[in-house]
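Notes to accompany the following structure.
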Amino acid sequence: ITEDSIEKDLTGKKVLITAGPTIETIDPVRYLTNRSSGKMGYSLAEAASLRGADVTLISTDVGLAVPNGVRHIKIESAQDMFEAVKNNMEQDIIIKAAAVADYTPVETYDQKLKKQDGDLTITLKRTQDILKYIGEHKASQFVVGFAAETEHVEKYARGKLIKKNADVIVANNVGDKSIGFKSNDNAVTMYFKDGTQVDIPKQSKLNIAHEILSHVKEKGFK
Ligand code: CTP
Ligand code: CA
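In terms of UniProt numbering, the sequence shown opens at residue 171 and continues consecutively.
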């Protein structure tokens, strides 16, 4: 597929995408994060932009180039991502590909923590569930959630679909080392609210992104 041959089937549509891990600060030199590379979310941003959408991408600096024409909002923490999403809710499609931290330190230290003789305990508190917030406050937006699972993929993904009031959950089996996270390839299953499912076999994350967008377009969103 060349850039010129791509059908601009998302022209005029506003698409918000969150991607990659969040960064939860402990002190000026330390943080908590996860193994997400951001590649799936950046590929979605690239695919949507190539198809003519007006794309806003919210992510930490994951070291990937922001795709052409995409508006990037750089954030660090789950809380930052939440605020950025809240301020950009007017969309046709919202895609939550980000691996948001579930917990963040209760306290962040202004100065570097010095080591002591004994063990260190860091207390963590729950972050805001951004997708759940979107599900509770959406109007006509088509909401796409992701689910990272290592087992019971369908059961957990369908549970998230209901709990977060999403229109579809895209499930990744992150236990499979040949796909997901740092890999350029992925394989996913989409679980839609109407009970149907679509399996997208292993291929590049950019091709997976195009497939996801096509199924979203076909399913619900006009
Ligand atoms: N998500 C979110 N805000 C959070 C945590 C998750 O918006 N604080 C979103 C993710 O972006 C993803 C979906 O919720 O689209 C599912 O994330 P996942 O980590 O798989 O599920 P959780 O609900 O966090 O449950 P668990 O990690 O226990 O499986
Ligand atoms: Ca989680």
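Backbone N, C-alpha and C define an ideal beta-carbon position, used for all residues, glycine too.
What are the uninterrupted segments assigned as beta strand (DSSP E) that are 3 or more residues long and contained completely in the region 297 to 345, given in chain order?
312 to 319 and 338 to 343
Find out if the Cβ-Cβ distance for the pair residue 188, residue 251 is shorter than 8 Å.
The residue labelled residue 188 in the question sits at position 18 within the sequence shown. The residue labelled residue 251 in the question sits at position 81 within the sequence shown. A contact, by the Cβ cut-off of 8 Å.
What are the start and end residues of each continuous beta strand (DSSP E) run of 3 or more residues lying completely inside the region 242 to 269, in chain order?
263 to 266
Classify residue 212 as helix, strand or coil using the three-state DSSP reduction.
Here residue 212 refers to the residue found at position 42 when the sequence shown is read from its first residue. Here residue 212 sits in helix by DSSP.
Measuring CA to CA, which of 266, 342, 311 and 289 is closest to residue 229?
Start at 1 with the first residue of the sequence shown, and residue 229 comes out as number 59. Checked all of 266, 342, 311 and 289; the closest Cα to residue 229 is 266.
Which partner residues of residue 113 appear in the DSSP bridge assignment?
It is not possible to answer for residue 113, since the shown part of the chain is limited to 171 through 392.
Grouping DSSP H, G and I as helix and E and B as strand, with all else coil, what is residue 368?
Position 198 of the sequence shown, counted from the start, is the residue given in the question as residue 368. Note: residue 368 maps to strand in three-state DSSP.
Pick helix, strand or coil for residue 194, following the three-state DSSP scheme.
What you label residue 194 is simply residue 24 of the sequence shown in a count that begins at 1. Of the three classes helix, strand and coil, the one that applies to residue 194 here is strand, per DSSP.
Between the alpha carbons of residue 374 and residue 321, how many angstroms are there, rounded?
Taking the sequence shown and counting its residues from 1, the one referred to as residue 374 is at position 204. Taking the sequence shown and counting its residues from 1, the one referred to as residue 321 is at position 151. Take the alpha-carbon of residue 374 and the one of residue 321: they are about 23 Å apart.
What residue from 227, 206 and 362 has the CA that sits closest to residue 324's CA?
If you number the sequence shown from 1, residue 324 lands on position 154. Checking every option, the nearest Cα to that of residue 324 belongs to 362.
Alpha carbon to alpha carbon, how far is residue 386 from residue 369? Give it in angstroms, no decimals.
Within the sequence shown, the letter at position 199 stands for residue 369. Within the sequence shown, the letter at position 216 stands for residue 386. Computed Cα separation, rounded: 13 Å.
For a test of the three-state rule: what should DSSP assign to residue 356, helix, strand or coil?
What you label residue 356 is simply residue 186 of the sequence shown in a count that begins at 1. Residue 356 falls in the strand class under three-state DSSP.
Locate the alpha helix (DSSP H) running through residue 376, then write down its first and last residues.
As a first step, residue 376 must be located in the sequence shown, where it is residue number 206. Residue 376 -> alpha helix (DSSP H) spans 375 to 389.
Taking 7 Å as the cut-off, does the CB of residue 318 come closer than this to any heavy atom belonging to ligand 1?
The residue you call residue 318 lines up with position 148 of the sequence shown. Yes, since a heavy atom of ligand 1 falls inside the 7 Å radius drawn around the Cβ of residue 318.
What are the residues that DSSP puts in a beta bridge with residue 275?
Sequence index remark: in the sequence shown, residue 275 carries index 105 (1-based). In the DSSP assignment, the residues bridged to residue 275 are 294.
Tell me the DSSP secondary structure of residue 220 in three-state form.
By 1-based counting over the sequence shown, the position of residue 220 is 50. In the structure shown, residue 220 sits in a helix (DSSP, three-state: H, G or I).
Which residue from 379, 384, 380 and 356 puts its Cα closest to that of residue 119?
One cannot answer for residue 119 here, as it falls past the ends of the chain, which runs 171 to 392.
Taking only the alpha-carbon atoms, compute the straight-line gap between residue 346 and residue 304 and give it to the nearest angstrom.
Position 176 of the sequence shown, counted from the first residue, corresponds to residue 346. Position 134 of the sequence shown, counted from the first residue, corresponds to residue 304. Near 29 Å, if we compare the C-alpha coordinates of residue 304 and residue 346.
Between which two residues does the beta strand (DSSP E) carrying residue 202 extend?
Here residue 202 refers to the residue found at position 32 of the sequence shown. Unbroken beta strand (DSSP E) run through residue 202: 200 to 202.
Anyone know if the C-beta pair for residue 268 and residue 211 falls short of 8 Å?
What you label residue 268 is simply residue 98 of the sequence shown in a count that begins at 1. What you label residue 211 is simply residue 41 of the sequence shown in a count that begins at 1. Yes; because the gap between Cβ atoms is below 8 Å, this pair is in contact.
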